[in-house]
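Each remark here refers to the structure printed beneath this line.
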Amino acid sequence: MKKCIFSWFGFIIPLPERLRLIKESNFDATCLWWEDETYPKIIKVDDMPNIVRDNGLSIDNIHCPYKDINKLWSHHKSERESVVDTYYKYIDACTKHNISNMVMHVTDEGFICERTSLGVESFLLLAKRAEENGINIAIENTRDMDIVDHILTEIKSNHLGLCYDSSHDWIYGQSEGELLEKWKHRLFCTHLSDNDRLDDRHWIVGDGEIVWDKIIANIINADIDYITMELMSSKEQISDPKIFLNTAYSRLDYIMGNCQ
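If you're matching positions, the sequence shown starts at 1 in full-length UniProt numbering and goes up one per residue.
Printed below as a string of structure tokens:
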């Protein structure tokens with residue numbers, strides 16, 4: 001399985017330089033946050049896929065912004081339709097740039113799910129657009145594993161699956177690997193990082209207390225091309241981005257080899 005790391009990994013460096021370092025650290029692919037990058041240099045989001053590929057990397061997925069995501073569950077039809085239209089544009093962007101997977105949240109912080117059927121209806125519309133475009137929507141577990149589980153149960157589409165975030169799943173009373181075990185057959189993407197079971201640290205895998213042998217075999221045996229890390233820091237401070245990336249790659253390689 002090929003190795004991938006998110007294009008933002010905690011160092012304030014222009015995107016082309018980050019991508020060069022990712023490639024030099026032997027990663028095969030990256031993922032993109034789907035908004036213009038404004039610091040330390042302005043880069044338009046539509047230019048990013050070509051910049052990635054010019055650096056010899058593939059693209060596992062784009063991650064959609066989640067502003068207004070809770071409105072997908074609104075009892076106001078106009079609010080739901082407005083946000084659905086926004087996500088249609090992200091699906092269309094994947095088609096335009098030949099990117100197979102689109103990662104999205106299902107809720108934002110502070111959300112209380114009271115109108116389940118309306119939210120499912122919103123995701124059903126998105127799944128249908130994804131099917132028409134040949135794109136996969138991967139819904140990410142944040143603090144809402146029960147909602148993710150419900151959506152995947154209610155919507156049987158082959159183009160709607162899971163983006164498994166290990167750090168999110170090992171804090172806030174989440175499933176500690178059970179969500180992945182249940183939905184491994186619909187896994188599209190991963191966001192692997194470690195933590196101390198207290199907060200969402202986004203540490204290098206192996207830095208914290210996540211039980212990797214409980215989850216890694218389910219990922220390695222899944223029908224996905226890339227195993228992807230989403231990192232922002234390490235338990236022991238690493239100030240050199242190249243050392244950070246090399247450490248991350250080596251640690252992932254070790255865990256993959258020892259937790260099957």
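We treat Cβ as the ideally placed atom computed from N, Cα and C, and that holds for glycine.
Exposed unless 16 or more other CB atoms sit within 10 angstroms - verdict on residue i
{"i": "HIS63", "result": "buried"}
{"i": "HIS185", "result": "exposed"}
{"i": "MET1", "result": "exposed"}
{"i": "TYR226", "result": "buried"}
{"i": "THR30", "result": "buried"}
Cβ neighbours of residue i in the same chain (closer than 6 Å, five flanking residues each side left out)
{"i": "SER74", "result": "ARG80"}
{"i": "TYR66", "result": "HIS105, ASP108"}
Residue i, enclosing beta strand (DSSP E) - first and last residue
{"i": "VAL32", "result": "Sequence check: residue 32 is Leu here, not Val. Taken as a continuous stretch (DSSP letters only), the beta strand (DSSP E) holding LEU32 covers 29 to 33."}
{"i": "PHE6", "result": "2 to 6"}
Best match in the options for proximity to residue i [C-alpha to C-alpha]
{"i": "residue 323", "options": "SER234, PHE27, SER82, VAL45", "result": "It is not possible to answer for residue 323, since the shown part of the chain is limited to 1 through 260."}
{"i": "ILE255", "options": "GLY161, SER239, ILE220", "result": "ILE220"}
{"i": "SER233", "options": "MET48, ILE224, SER122, PHE244", "result": "PHE244"}
{"i": "CYS259", "options": "GLY206, ILE224, HIS150, TYR249", "result": "GLY206"}
{"i": "CYS163", "options": "LYS182, GLY173, LYS89", "result": "LYS182"}
{"i": "ASP92", "options": "ALA248, VAL52, ILE135", "result": "ILE135"}
{"i": "ALA248", "options": "ILE215, HIS202, ASP223, ASN218", "result": "HIS202"}
{"i": "VAL52", "options": "SER82, ASP85, PHE11, PHE6", "result": "PHE6"}
{"i": "ILE112", "options": "SER82, SER58, ASN61, LYS71", "result": "LYS71"}
{"i": "ASN133", "options": "LEU118, LYS156, ASP199, ILE99", "result": "ILE99"}
Close-in-space but distant-in-sequence residues of the same chain around residue i (CB under 7 Å, 5 per side omitted)
{"i": "ILE137", "result": "MET102, MET104, LEU126, ALA127, ALA130, HIS159, LEU160"}
{"i": "PHE188", "result": "ASN101, ASN136, ALA138, GLY161, LEU162, CYS163, ILE224"}
{"i": "TRP170", "result": "GLU176, ASN195, ARG197, ILE210"}
{"i": "GLU37", "result": "LEU15, ILE43"}
Enclosing alpha helix (DSSP H) for residue i [first to last residue]
{"i": "ILE227", "result": "Here ILE227 belongs to no alpha helix (DSSP H); instead the beta strand (DSSP E) covers 226 to 229."}
Close Cβ partners of residue i (< 8 Å) along its chain, the five nearest in sequence each way excluded
{"i": "LEU179", "result": "ASN141, MET145, VAL148, ASP149, LEU162, TYR164, ASP169"}
{"i": "LEU21", "result": "ILE13, PRO241, LYS242, LEU245"}
Discussion item. Give the list of continuous beta strand (DSSP E) stretches no shorter than 3 residues that lie fully inside the segment 124 to 195.
Written reply: 136 to 140, 160 to 165, 187 to 191
Discussion item. Threshold first: 3 residues or longer. Then list the beta strand (DSSP E) segments lying entirely within the segment 91 to 120, N to C.
Written reply: 101 to 105
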